[in-house]
Structures are given as structure tokens and as C-alpha cells.
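When we follow the working numbering, the leftmost residue of the sequence shown carries the number 860, and every step to the right adds one.
In this text, a Cβ means the ideal position worked out from N, Cα and C, and glycines have one as well.
In this text, all values refer to a predicted model and were calculated from it rather than measured experimentally.
Beneath this line is the structure, given in C-alpha cells, with notes to follow.
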Amino acid sequence: MSEREIKNLEEIFEARIARDEKIEPKDWMPEKYRQTHIRQMSQHAHSEIIGMLPEGNWITRAPSLRRKAALLAKVQDEAGHGLYLYSACETLGISRDELYEQLHSGKAKYSSIFNYPTITWADMGAIGWLVDGAAIINQVPLCNTSYGPYARAMVRVCKEESFHQRQGYEIMLTLCRGTEEQKAMAQDALNRWWWPSLMMLGPTDDQSVHTEQSMKWKLKRKSNDELRQQFIDQTAPQADVLGITIPDPDLKWNEETGHYDFGEIDWDEFWQVVKGHGPCNKERMKARVDAWENGEWVRDAAMAHAEKNEKRKIAKAS
Ligand SMILES: [Fe+2]
Ligand SMILES: [Fe+2]
């Protein structure tokens, strides 16, 4: 293809995005658009899969059958989100094996929030309320993103995330209406998950390297700082209802701006965790790599079974 032809295609492509048309897998797209989407969608898929680990930790210790069933269903939802997103990612021409390889080798990133430990049952409440809550804020705008398979996946994922958020909040509410010890447990979980949840919405706009291009392609529709403010504005009143305190002395409603003011985020901690030095990075990666290696015989058996069936079919047909 000549340079002129490519330029032409690029113009048509940009015009389609400007008209809010969806880009579909077989459509022409700039290589950078493809790569950016592979990066973001696979990061998202990996986060769903790694995100099962901190909560999976409490399935066997949930305080009642009802809680166990709900938590189990939630963790299964996250597996579904991961698989759905891997499939959407594969429509851009990367294989599932490559995606797994990137995760297992440490080349791919996933959300840094999942590198924190889940110490008490209240963490299941705080994660649903705050982590799924922040995820929704991040993901709702993606329902309108320009890449069709990603946008459609997000519609379903967001519905499930909002259910997770509610069930997490309900765990918090139950603890906060319980004994003094239970309320203290809820407060402690809020103390530990609040700041990492704010970090989940990404570095500040002036530090975010991908924001500008992603906004242009409507892969991102709001900036990190806008999303973070929205999350804080939405969550602060919910903490008041629970009767527990957000661990930020600078958090205050600002009548003038119509938003909450909030304190300084410890970005050193964020970058440490992103670089692999969070409390559970090694543990999380080991769990995934072990699961992959221990599952080898299942994959081999499934392949052998499929081959045998195929041969049988051919033998019958001839
Ligand atoms: Fe999810
Ligand atoms: Fe979720």
C-alpha cells in the first residue's frame, strides 16, 4: 500500500471515530490503534483474572452459606469477565497463548490494587464497595468506546460490577450495624483499601502517558482526575451512611466547586506496587503460573480428546 493510500484510510478511520461509529475487528485500523487496544484490553482481562485471587482467599471462610454463595458467584463473574475480554482481545489478532505468556512472564500489567492482601472478612465488603465501585466508574464510559467488541463486552461487565458493588456495600452495612468489633473491622478495611482504590483510577492527568491518544480514539472518555473526583464524590456520602470515617483528614465538601476536596495521594507507593514491589505481587504471579503449569495435563487431555473425535468423524465419513 502506498503512503497516500494509507493516509486515505487513516482519514476515513478518524472520520468514523468522530461520527461515533464502532470499529469492528475486520475493519482497517491504524497499527497503533490495534496495539493500544491489545494493551488496554489485555490489561483489563488480566486484572479480572488476578482479581479473583484476593477474594478467592475468603470463599472457604465466608461467615455463612449465603455469604459463601454470593462470594463464589462474584469470583466466578470475574472469571467470566476475564475470559470475555481475552476473546475480545483475540479479535485484534493476538492469541490467547500469547496473552497468557505476557502475563506469566511479567511483561503485561494488571491493576495494582490486586497486590494488596485480604486480611479480614471485612475486606470482602471493602473490595466490593470500593474496588468494584472504582472499576464501574472506570468502565461505564467504556460502554461507548470506539472498538465494538470492547464496548459490547463492557455493557454486560458493568451490570455485573454494579451488583458486586452493592453486595460489597451490604457486607459493610451489616458489619457497621453489628457489634463494636465488627464495626472496627469495617473501619480497618476502609483504612487499608481507601487510598489504593483512589490509585486504581490511574496516575494524575499530567503523569498519564496514554491519556491524550486514548481520548482521541474514544478509548478513554474521561481523564483519570475526573474519574477520581467522581468516585470520591459518590463514595464519601456512602461512608457517612455506614458511620465510618474515610482515612483522609483533608477530605471535605467544597460548596464552591460542588465537589469534595481531598488529600495528597502517595504516588511513590503506587509506583512501587506497579513495579512489582507491592505486598503480594510475587504471590499473585506464582498462583497464576502454578495454575497454568498444573493445568497442563487438562489442556493436553482436551486436545487429545478433540483429535480423537476428529479422526473418528473422518473415519465415519469415508
Ligand atoms: Fe469484573
Ligand atoms: Fe467485580
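| query | result |
| --- | --- |
| Would you say Lys-1175 reaches chain D, if we count a Cβ-Cβ gap shorter than 8 Å as a contact? | No chain D is part of this structure, which consists of one protein chain only. |
| Just to be sure I understand the criterion: a residue counts if its Cβ is closer than 5 Å to at least one heavy atom of ligand 2. Which residues meet that? | Asp-991, Glu-1020, His-1023 |
| Distance, Cα to Cα, Lys-927 vs Thr-1033? | 15 Å |
| Nearest to Asn-1140 by alpha carbon, out of Thr-950, Met-888, Leu-912, Asp-1092? | Leu-912 |
| By DSSP, does Trp-1156 sit in helix, in strand, or in coil? | helix |
| Identify which residue in Ala-1176, Ser-964, His-903 has its Cα closest to the Cα of Ile-995. | His-903 |
| Taking buried to mean at least 16 other C-beta atoms within 10 Å of its own C-beta, is Arg-1051 buried or exposed? | buried |
| Compute the Euclidean distance between the alpha carbons of Thr-950 and Thr-1038, then round it to the nearest angstrom. | 51 Å |
| Under the assumption that Ala-1045 contacts Met-1031 (Cβ atoms under 8 Å), give the Cβ distance between them as a whole number of angstroms. | 5 Å |
| I need the straight-line Cα distance from Gln-894 to Leu-958, nearest angstrom please. | 13 Å |
| Mind listing which residues have their beta carbon within less than 5 Å of any non-hydrogen atom of ligand 1? Chain order is fine. | Glu-907, Glu-937, His-940 |
| Taking just the CA atoms, how far does His-940 sit from Glu-1166? | 29 Å |
| Would you call Ala-877 buried or exposed, if buried means 16 or more other Cβ atoms sit within 10 Å of its Cβ? | exposed |
| Please name the residue in Leu-1078, Cys-1002, Arg-1087, Phe-1022 whose C-alpha comes closest to that of Trp-1053. | Arg-1087 |
| Helix, strand or coil for Trp-1112? Go by DSSP, reduced to three states. | strand |
| Do Ser-901 and Gln-998 have their CB atoms nearer than 8 Å? | no |
| Within 10 Å of its beta-carbon, does Lys-933 have 16 or more other beta-carbons around it, so buried, or fewer, so exposed? | buried |
| Short of 7 Å in beta carbon distance, which residues of its chain neighbour Arg-1143, apart from the five on each side in sequence? Order them along the chain. | Ile-909, Leu-912, Phe-973, Asn-974 |
| What does the alpha-carbon distance come out to for the pair Gln-1024 and Arg-863? | 50 Å |
| Going straight from the alpha carbon of Leu-931 to that of Ile-865, what length do you get? | 49 Å |
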